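Colleague: Under this note's numbering, residues 120 to 304 are what the sequence shown spells out, in order. Before we start, here is the structure in question, set down as structure tokens.
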Amino acid sequence: MENIQGIISENLTTIRKKRKMSLDELASVTGVSKSLLRQIEKDESNPTISTLWKIANGLKIPFTSLMKYELPDTELVRKNDISPLTEQDGAYRLFPSFTYEDRKPFEMYEVEVDPDARLEAAPHSPGTIECVTVFSGTLRLTVQGKEHMLETGDSIKFKADYAHTYLNPGSELTRLSMVIYYPEE
């Protein structure tokens with residue numbers, strides 16, 4: 120996989136220009152500052168997960184459309200080759216294993232959550248579904264105000280078009296996989 124920040128830079132610039140949007144217009148629909156958007160487009164910034172979600176939601180595109188690149192027929196992804204997207208100064212790490220493609224309306228991630236780390240995710244596009252499996256540690260997932268405690272081996276599927284929060288309440292690293300399905304339009 121190529122450098123993820125470079126891919127994000129190219130894709131954001133391409134999407135903005137195809138839509139004939141100025142940086143001011145992009146800032147308005149995403150809630151991300153014009154200066155940060157400029158830095159992202161120039162590959163001078165490593166945007167946080169929250170920033171990328173704001174951009175994706177503002178543009179009404181799947182999250183990993185910003186990370187999309189041309190795929191070969193077979194792709195082997197090694198974790199050490201993936202540049203993680205981070206939140207909370209690196210305490211929450213998202214490794215995009217397989218990104219959204221036109222012929223595959225889902226994304227697949229490996230996620231690492233340090234003790235006491237959390238991610239508060241904004242609602243995704245209507246009809247979006249997330250599936251999570253915990254491989255090690257514990258996870259408190261809150262969806263629509265209802266808490267779900269997951270332990271090693273547990274899985275959950277939920278409508279992700281509501282705000283939701285991931286929290287590691289334990290004292291050790293939590294590892295999980297996440298698949299996000301986007302309804303076809």
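In this text, a Cβ means the ideal position worked out from N, Cα and C, and glycines have one as well. All of these numbers come straight from a predicted model, not from anything done at the bench.
Give the secondary structure of Thr-170 by DSSP, where H, G and I count as helix, E and B as strand, and everything else as coil.
Modeller: As a position in the sequence shown, residue 170 is number 51, starting the count at 1. Helix at Thr-170.
Colleague: Please confirm whether Lys-276 and Ile-248 have their CB atoms less than 9 Å apart.
Modeller: Position 157 of the sequence shown, counted from the start, is the residue given in the question as residue 276. Position 129 of the sequence shown, counted from the start, is the residue given in the question as residue 248. In this structure, Ile-248 lies closer than 9 Å to Lys-276 by Cβ.
Colleague: Count the C-beta pairs between the region 248-258 and the region 279-294 that are closer than 8 Å, then say yes if the count reaches three, no if not.
Modeller: Cβ pair count under 8 Å is three or more, so yes.
Colleague: Could you tell me whether the Cβ atoms of Thr-149 and Gly-177 are closer together than 9 Å?
Modeller: Counting from one through the sequence shown, the residue named residue 149 turns up at place 30. Counting from one through the sequence shown, the residue named residue 177 turns up at place 58. For Thr-149 and Gly-177, yes; Cβs fall inside 9 Å.
Colleague: Applying the 10 Å Cβ sphere with the 16-neighbour rule, what's the burial state of Ser-290?
Modeller: As a first step, residue 290 is located in the sequence shown; it is residue number 171 there, counting from the start. When all chains shown are included, Ser-290 counts as exposed.
Colleague: Taking Lys-236 and Asn-199 to be in contact with their CB atoms under 8 Å, please state how far apart those CB atoms are, rounded to whole angstroms.
Modeller: Translated into the one-based positions of the sequence shown, residue 236 becomes position 117. Translated into the one-based positions of the sequence shown, residue 199 becomes position 80. First, the amino acid is wrong: residue 236 is Ala here, not Lys. With 8 Å as the limit, Ala-236 and Asn-199 do not qualify as a contact, their Cβ atoms being about 21 Å apart.
Colleague: Taking 8 Å as the threshold, find out whether the region 249-268 comes into contact with the region 290-302 through three or more Cβ pairs.
Modeller: yes
Colleague: Quick one: what does DSSP say Val-196 is sitting in, helix, strand or coil?
Modeller: Position 77 of the sequence shown holds residue 196. Here Val-196 sits in coil by DSSP.
Colleague: Does the structure place the region 228-245 close enough to the region 201-219 that three or more beta carbon pairs sit under 8 Å?
Modeller: yes
Colleague: Hey, could you find the ends of the alpha helix (DSSP H) Thr-132 is sitting in?
Modeller: The sequence position of residue 132 within the sequence shown is 13, counting from 1. Thr-132 -> alpha helix (DSSP H) spans 123-137.
Colleague: Taking Thr-284 as the reference, give the member of His-243, Gly-272, Thr-271 and Glu-226 with the closest Cα.
Modeller: Translated into positions along the sequence shown, residue 284 becomes position 165. Comparing Cα positions, the closest option is His-243.
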